[in-house]
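Protein chains in written order, with this note's numbering: chain A, 49 to 182; chain W, 49 to 182; chain D, 49 to 182. C-beta atoms are modelled at their ideal positions from N, C-alpha and C, and glycine is treated no differently.
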């Protein structure tokens with residue numbers, strides 16, 4: 049299995065970071081198989097959405113609606129409301145799988161691979177790409 | 049890797065469409081391995097739920113609750129509220145993975161593979177099945 | 049493909065049950081590849097979250113917020129509000145995929161593999177582990 053870890057800058061505010069380019073570069077010499085994208089963090093997820101037309105910010109809005117940053121959470125380490133960041137990966141999983149055909153990720157026209165990081169306490173994140181040959 | 053794209057009719061209203069039969073037909077001559085189900089669309093997802101006892105409609109109700117079709121969304125192309133359709137795949141991912149044993153998808157008794165399409169603007173959708181031999 | 053089904057006791061109340069130890073035992077002699085975790089049930093999911101610091105209970109709270117146990121659901125078998133248990137797997141999928149390197153699941157420090165079972169009507173659940181060599 050080919051596998052590689054990259055470091056992604058996510059800054060100090062909640063962010064949806066498009067990592068399609070990095071994933072495509074990893075896959076491009078790999079033939080046919082399955083791309084696995086994984087974030088080894090307990091407060092981040094991976095989403096396949098459109099970027100650049102507002103949906104990346106919409107996702108952050110949706111997360112605030114579904115998992116408010118208030119004091120309802122038992123987990124109380126870190127910034128106020130941080131407890132909800134730890135629940136996020138149950139809904140936006142820290143992995144994704146995508147078909148690769150002749151080294152090209154078979155994404156639809158409007159799909160991008162995104163790292164979802166609501167947690168401003170970590171300015172960088174790791175992402176592991178793995179390739180399962182088919 | 050065996051891979052195949054089918055076209056599924058989803059109509060002009062939000063729908064949860066059971067595609068278990070199509071997936072089973074794809075897998076049946078494939079031996080042991082992993083089935084990957086993927087929709088190459090930015091406003092649809094794949095869910096593994098029970099169908100035929102109301103839960104398919106319940107899922108559409110739940111999506112309306114979690115992601116309302118109002119004017120809160122920045123993405124404003126298409127029908128009113130369509131912006132939420134673009135957030136859906138972050139919560140209901142556009143892929144699923146399932147074990148296949150001797151050509152049979154190892155689903156539980158009440159599980160079905162479903163295409164979730166809240167977007168009535170597209171009457172047909174594509175689904176890509178891929179098989180990773182184990 | 050190596051595959052194995054274990055039985056997990058989940059009791060008669062909603063529970064987030066850490067199954068990392070069981071998954072690690074399955075993977076430890078398997079080399080490099082992809083671990084697939086699957087629950088063959090229509091009212092349970094798999095989540096990768098931190099356990100032991102409150103987030104497991106926080107997840108149950110979040111599920112009650114997103115999918116209330118009231119009478120809005122069409123699916124009306126089982127206990128009151130049980131209909132929402134059948135919607136859960138659309139949001140917390142019944143599968144997860146994780147990279148395995150030299151027999152070790154490449155989880156982050158704070159990540160655990162959890163069976164999420166909001167349904168108190170089943171005291172035990174099955175989990176299928178499968179390993180795809182890379």
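Own chain residues within Cβ distance below 7 Å of residue 136/A, not counting five before or after = Cβ within range, chain order: 91, 93, 111, 115, 166.
Discussion item. Could you compute how far the alpha carbon of residue 103/D sits from the alpha carbon of residue 122/A?
Written reply: Rounded to the nearest angstrom, the two C-alpha atoms are 7 Å apart.
**Prompt:** Do you know offhand how far residue 99/W's Cα is from residue 60/A's?
**Reply:** In a straight line, the C-alpha of residue 99/W is about 43 Å away from that of residue 60/A.
Is there contact here, the region 150 to 158 of chain A with the region 82 to 91 of chain W, by at least three beta-carbon pairs under 8 Å? Contact holds between the region 150 to 158 of chain A and the region 82 to 91 of chain W, because three or more Cβ pairs, one in each stretch, are under 8 Å apart.
- Query: I think residue 77/D touches residue 151/D, with their Cβ atoms under 8 Å apart; what is that distance to the nearest whole Å?
  - Reply: Contact holds; Cβ gap of about 6 Å.
By the criterion of Cβ-Cβ separation under 7 Å, what are the contact partners of residue 163/A in chain W?
Ordered by position in chain W, no residue passes the 7 Å Cβ test against residue 163/A, which lies about 12 Å from the chain.
For residue 145/A, go through chain W and note every residue whose CB falls closer than 7 Å to its CB, in chain order.
-> Counting only Cβ-Cβ distances below 7 Å, residue 145/A has contacts in chain W at 84, 143, 145, in chain order.
*Can you have a look at residue 169/D and say buried or exposed, based on whether 16 or more other CB atoms are within 10 angstroms of its CB?*
Looking at its Cβ environment, which holds fewer than 16 other Cβ atoms inside 10 Å, residue 169/D is exposed.
- request: Determine, using beta carbons only, whether residue 179/D comes closer than 9 Å to chain B.
  value: Included in the structure are the protein chains A, W and D, with no chain B among them.
* Within 8 Å of chain A by C-beta, residues of the region 115 to 141 of chain W in sequence order -> Within the region 115 to 141 of chain W, those residues whose Cβ lies closer than 8 Å to any Cβ of chain A are, in chain order, 115, 120, 121, 122, 123, 124, 125, 131, 132, 134, 135, 137, 138, 139, 141.
Around the Cβ of residue 184/W, are there at least 16 other Cβ atoms within 10 angstroms (buried) or fewer (exposed)?
Past the edges of chain W, shown from 49 to 182, lies residue 184/W, and the structure says nothing about it.
task: Indicate whether at least one CB of chain D lies closer than 9 Å to the CB of residue 110/A.
output: By this cut-off, residue 110/A is not an interface position.
Own chain partners of residue 80/W with C-beta closer than 6 Å, once the 5 adjacent residues on each side are dropped: Once the five neighbours on either side are set aside, the close Cβ partners of residue 80/W are 149, 182.
| said: I'd like to know if residue 88/D contacts chain W, where contact means its C-beta is closer than 9 Å to some C-beta of that chain. | reply: Judged by the 9 Å Cβ criterion, residue 88/D is in contact with chain W.
Residue 144/D versus 129/D, 117/D, 82/D, residue with shortest Cα-Cα distance
Comparing alpha-carbon positions, the option among 129/D, 117/D, 82/D lying closest to residue 144/D turns out to be 82/D.
* Delimiting residues of the alpha helix (DSSP H) encompassing residue 109/D -> Per DSSP, the unbroken alpha helix (DSSP H) holding residue 109/D starts and ends at 103 to 114.
Q: Flag residue 98/A as yes if its beta-carbon sits less than 9 Å from any beta-carbon of chain W, otherwise no.
A: By this cut-off, residue 98/A is an interface position.
Would you say residue 149/W reaches chain D, if we count a Cβ-Cβ gap shorter than 9 Å as a contact? The beta carbon of residue 149/W sits closer than 9 Å to some beta carbon of chain D.
Amino acids of chain D, ordered along the chain, whose beta-carbon sits closer than 9 Å to that of residue 51/A
Those are 80, 147, 149, 154, 182, listed as they occur along chain D.
* For residue 253/A, does the three-state DSSP call read helix, strand or coil? -> Here chain A covers residues 49 to 182 and nothing more, so residue 253/A does not appear.
Which residues, in chain order, does the region 57 to 82 of chain W contribute to contact with chain D at a C-beta distance below 8 Å? Residues 80, 81, 82.
Taking 9 Å as the cut-off, decide whether the C-beta atoms of residue 86/D and residue 146/W are in contact. Between residue 86/D and residue 146/W, the C-beta spacing is below 9 Å.
Exercise. What span of residues does the beta strand (DSSP E) with residue 144/A cover, start to end?
Worked result: First-last of the beta strand (DSSP E) with residue 144/A: 143 to 149.
Review point. Is the distance from the Cβ of residue 162/W to the Cβ of residue 95/W below 9 Å?
Key: A contact, by the Cβ cut-off of 9 Å.
Requested in this report: Report yes if the CB atom of residue 184/W is closer than 9 Å to the CB atom of residue 52/W, and no otherwise.
Outcome: Outside the displayed range of chain W (49 to 182) lies residue 184/W, so it cannot be described from this structure.
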